[in-house]
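Beneath this line is the structure, given in C-alpha cells, with notes to follow.
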Amino acid sequence: MTKSKRHENKSTLILTHGDSDGVCSGAIAKSAYPDGDVYFTSPVGVLDDLNLADGYENVIICDIAIDERHCTELFKRLDEVSAVSNLTYIDHHPLPEKCISAEWLHHDLTVCASELTYKVLQKRLSRDMRRVAIYGAIGDYYDNSPSVKEWLRDWDKRSLFFQAGTLIQALIYSGRNYDFKRKLLLPLSHDKIPTAIPNVLRYAKEGADLEEQLRIHVKHEVRALQNLAYVVDPNGYMSKSAIYAASYGQRDVGISAEFRHKRNVYDMSLRSRNSESVDLNRLLRRIAPMFGGSGGGHASAAGARIPKESFDDFLREFDKAIGVQKSKATGL
495 MTKSKRHENK STLILTHGDS DGVCSGAIAK SAYPDGDVYF TSPVGVLDDL NLADGYENVI
555 ICDIAIDERH CTELFKRLDE VSAVSNLTYI DHHPLPEKCI SAEWLHHDLT VCASELTYKV
615 LQKRLSRDMR RVAIYGAIGD YYDNSPSVKE WLRDWDKRSL FFQAGTLIQA LIYSGRNYDF
675 KRKLLLPLSH DKIPTAIPNV LRYAKEGADL EEQLRIHVKH EVRALQNLAY VVDPNGYMSK
735 SAIYAASYGQ RDVGISAEFR HKRNVYDMSL RSRNSESVDL NRLLRRIAPM FGGSGGGHAS
795 AAGARIPKES FDDFLREFDK AIGVQKSKAT GL
C-alpha cells in the first residue's frame, strides 16, 4: 500500500468497539494520538473496516475480539497493514486456537481493554487518563485487577463509580448511535468527566428508567431449564436482560434472545453468575456451530447467533452442557 492522498495529512487511525470499554479504550488512544481519526467497528466488521487503514502512519485497534471463522484471513490482512504502518492491536478476549502471536498484538485475558490500552500507550499519556481506564474497567467488570485497585487509591472511589455508572448507562442507552459516541469520545480523551459532556446525564436517566421497566418485564416473562434461564424478545438491553434472567430464573446462566427477522436468527447475550464452573466462551465455541450458529466471548459474558429453526434444540443442548461442565468443576 502507498500513502493515500485522502489520508496524506492524517497520521493515526483508531478502530475500537462501541461499548463502554471500547469507547474508553478509544478515548485513551485518542489522548495518546490527538490527531487520530476514530471509527467504531466489531469482530465481524473489522476485516472490512481495515480498508480504512490505507495511507495511515499509525493504526490502533482496541477491544475487538478476533472472530474464529475469519482469524486466518484477518491475521493476513493485519500483517499487510503492519508492513506499511505502525500497527497496535490491543485486546483481552480469548483468542481462537489457530491464532498466532505477533509483535503488534498486545493481549491479556486478565484485564479490560481500557487498562491494557493505557499500559501500552502509557508513555504518551497523562497520568490522569488512568481515570478513563477505570471507567472502562468498571463497565467491563474488570475493576478488581491489581492495577485498577491501585489506581483507585488516587481517587474518591464513590465519585469515580458515579461517573462510570453514568457513562455506562448513557452508552448502553445510545445503542448504535455512533455519532453520539464520537462526540462523547473527544471530550473523554481530554479527561472531561462524563457528567459534564452534553446529553450524557439525559441519556443515563432515560436508560435507567428503561432498565427498570425491563427488569419488571423479565421478572414476569423469564423461563427456566435445569441450568439456565432465558427471556425471548425482552425489547430492551440484551446484556441486562440476561443478568435479570439469571437472577429471577434462579439459575447460574441467564440468556436474552432477540429474533432478527431479516436474518431469521436469534441473537443472544449470555451471562454466567459462576464463571469458575461455567465457561460460556468455551461452551459456545463448541456448541453453537453444531446448530449452524456462532458464539463466544468471555467466560462470564458472551454472545451467540443461532438460526431460528435450531433455537430450541440449542437451548436444550446448551443447558445439558452447562450441567456437565458444572459437574466436572465440582468433581461430582
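According to the numbering used here, the sequence shown holds residues 495 to 826 in order.
Ideal placement from N, C-alpha and C gives every residue a C-beta, glycine not left out.
Only a predicted model underlies this, so the values are computations on that prediction, with no experimental measurement involved.
Item, Value
"For D746, I'd like the list of residues in its chain whose CB is within less than 8 Å of its CB, leaving aside the five on either flank, ordered along the chain.", "N721, L722, A740, S766, R767, N768, S771, V772, I816 and K820"
"Does the segment 516 to 526 come close enough to the segment 604 to 619 that 3 or more CB-CB pairs lie under 8 Å?", "yes"
"Counting only the same chain and skipping the five closest in sequence on each side, list residues whose C-beta sits under 6 Å from that of R563.", "none"
"Return the chain-ordered list of same chain residues with a C-beta closer than 6 Å to the C-beta of D622, the five sequence neighbours on each side being excluded.", "D685"
"Specify the secondary structure class of E752 as computed by DSSP and reduced to three states.", "strand"
"Measuring only the C-alpha atoms, how far is L589 from N775?", "10 Å"
"Report all residues from its chain with a CB closer than 6 Å to the CB of R779; omit the five preceding and five following residues, and keep chain order.", "G790"
"When you compare each of Y533, K713, C565 and L719 to D806 by their alpha carbons, which one comes out closest?", "L719"
"Just reading off the beta strand (DSSP E) that H601 is part of, what are its end residues?", "L599 to H601"
"Which full runs of the alpha helix (DSSP H) of 4+ residues lie inside the segment 621 to 695, going along the chain?", "624 to 633, 640 to 645, 651 to 668 and 672 to 683"
"Is DSSP giving F812 helix, strand or coil here?", "helix"
"For I558 versus L509, is the C-beta spacing smaller than 8 Å?", "yes"
"F785 bridges to which residues according to DSSP?", "None, per the DSSP bridge assignment."
"According to the Cβ coordinates, are I628 and W645 closer than 8 Å?", "yes"
"Please report the distance separating the alpha-carbon of S505 from that of F674.", "24 Å"
"Applying the 10 Å Cβ sphere with the 16-neighbour rule, what's the burial state of K734?", "buried"
"Counting pairs of beta carbons, one from the segment 573 to 580 and one from the segment 605 to 614, are three or more of them closer than 8 Å?", "no"
"State the beta-bridge partners of V747 as determined by DSSP.", "L722 and S766"
"Name the residue from C565, K613 and I555 whose alpha carbon lies nearest to the alpha carbon of W598.", "I555"
"Is DSSP giving C565 helix, strand or coil here?", "helix"
"Does the beta-carbon of I594 have 16 or more other beta-carbons within 10 angstroms, so that it is buried, or is it exposed?", "exposed"
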